[in-house]
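*Asks:* Counting along the sequence shown from 1, when you hit position 6 you're at 6 in UniProt numbering, and nothing is skipped either side.
Ideal Cβ placement from N, Cα and C applies to all residues, glycine included.
This is the structure, below, for whatever I ask next.
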Amino acid sequence: MARRLDYSARYPLRTVGEVYRTLGDRNYWAARIEEMRKYSPNQLVEFRADESGIELVIEHVLPRTELPPIAQAIIRKDMVITRRETYGPLGPEVVGKYEASIPAGPGSLTGTMHLFPTDIGCTLRTSSEAKVYLPGGLRFERMMLVNLVDLFRAEAEFTASWLDTHHPVPR
Numbered sequence: 001m002a003r004r005l006d007y008s009a010r011y012p013l014r015t016v017g018e019v020y021r022t023l024g025d026r027n028y029w030a031a032r033i034e035e036m037r038k039y040s041p042n043q044l045v046e047f048r049a050d051e052s053g054i055e056l057v058i059e060h061v062l063p064r065t066e067l068p069p070i071a072q073a074i075i076r077k078d079m080v081i082t083r084r085e086t087y088g089p090l091g092p093e094v095v096g097k098y099e100a101s102i103p104a105g106p107g108s109l110t111g112t113m114h115l116f117p118t119d120i121g122c123t124l125r126t127s128s129e130a131k132v133y134l135p136g137g138l139r140f141e142r143m144m145l146v147n148l149v150d151l152f153r154a155e156a157e158f159t160a161s162w163l164d165t166h167h168p169v170p171r
């Protein structure tokens, strides 16, 4: 059985276009990767942004020593997570998807992204689904989703900070 989670990053006073153009900026991704290295080694492996949309691949490395004991019992070396994200072209709303894979991993993590306007700005809602194909998989699924919320929160905070620094809202 899969576990699901929705996470919404809200960007008050920001338009869909502003957030989308940020997601399509290679400099933004370089800075975000550098910031996320405070938590674990990672790199931007692929990046493309044009009128048809945005595509990127990020590799996150989670050292085995930092995994919970229950995960260490199954995973015998550092965990390399490959995350692929795609966003459709800019429009009034933008839809995307992601998948995260671990070579010989015990499960899957997939999701959709929806960037849409709100009364006070815009929101990027990420809907995720975690599946683990092991006995006791429900505990792993919960653990994956809890860690995912922390990651999404850190990424949203970075994005808001980037927007404030590089595209200040006129006061």
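Hey, how far is the Cα of S161 from the Cα of G107?
*Replies:* When rounded, the distance between both Cα atoms is 33 Å.
*Asks:* Classify E141 as buried or exposed, calling it buried when 16 or more other Cβ atoms lie within 10 Å of its own Cβ.
*Replies:* With 16 or more other Cβ atoms within 10 Å, it is buried.
*Asks:* Report the option in V19, P63, D164 whose CA atom is closest to the CA atom of L90.
*Replies:* Nearest C-alpha to L90: V19.
*Asks:* Could you give the distance in angstroms between the alpha-carbon of K97 and the alpha-carbon of M113?
*Replies:* Using only the alpha carbons, I get a separation of about 6 Å.
*Asks:* Could you tell me the distance, in whole angstroms, from the CA atom of E99 to the CA atom of G111?
*Replies:* Each residue's Cα considered, the two are about 6 Å apart.
*Asks:* Could you give the uninterrupted runs of the alpha helix (DSSP H) lying entirely in the region 27–84, keeping only those of 4 residues or more?
*Replies:* With a minimum length of 4 residues, the continuous alpha helix (DSSP H) runs that stay inside the region 27–84 are 69–72.
*Asks:* For V94, I'd like the list of residues in its chain whose CB is within less than 7 Å of its CB, leaving aside the five on either flank, ordered along the chain.
*Replies:* Result list for V94: V16, Y20, Y87, G88, L115, in chain order.
*Asks:* Assuming A2 and L124 make a contact with CB atoms under 8 Å, what is their CB distance in whole Å?
*Replies:* Wrong, their Cβ atoms sit about 22 Å apart, outside the cutoff.
*Asks:* Thinking C-alpha only, which one of V45, V146, R64 is nearest L56?
*Replies:* It is V45.
*Asks:* Between which two residues does the alpha helix (DSSP H) harbouring E18 extend?
*Replies:* Where E18 is concerned, the enclosing alpha helix (DSSP H) stretches over 16–23.
*Asks:* Helix, strand or coil for R142, going by three-state DSSP, please let me know.
*Replies:* In the structure shown, R142 sits in a helix (DSSP, three-state: H, G or I).
*Asks:* If we count the other Cβ atoms within 10 Å of its Cβ and call it buried at 16 or more, is V146 buried or exposed?
*Replies:* Counting Cβ neighbours within 10 Å, V146 comes out exposed, since fewer than 16 surround it.
*Asks:* Would you tell me roughly how many angstroms separate the C-alpha atoms of E157 and T165, rounded to the nearest one?
*Replies:* Distance between the alpha carbons of E157 and T165: 12 Å.
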